[in-house]
Amino acid sequence: SKAWKDAFYIWKNDKEYWHEIYRYRVIIEGFFSLLKKKFMNWLRTRNVMARDNEMLLKVLCYNLTILSKYI
């Protein structure tokens, strides 16, 4: 894929920049794993806009659970 080729090109030519960007992958994968474990790993809706809204609601619920720990 084009994204993979671009990432490989950056890794080959500018390793510092690649590591600067790539370190966020662990954080992002952990966040999505947490969402899947906490709020089911699939979306119920089929419509694209409804899926986006459902995902945003899951993120909102996650943020509210984190905030409730500090209140």
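Residues in the sequence shown are numbered from 301 upward in steps of one, following the working numbering.
Just so you know, even glycine gets a beta-carbon here, dropped at the ideal spot from N, CA and C.
Treat the numbers as computed from the prediction; the structure is a model and nothing was measured.
Asked	Found
Answer yes or no: do I327 and Y317 have a C-beta to C-beta separation smaller than 9 Å?	no
Mind checking which residues open and close the alpha helix (DSSP H) that includes W318?	K315 to Y322
Where do the N-terminal and C-terminal ends of the alpha helix (DSSP H) with L367 fall, by residue?	V348 to K369
Below 8 Å on the Cβ atoms is my guess for L343 versus E354; work out the distance and round it to an integer in Å.	5 Å
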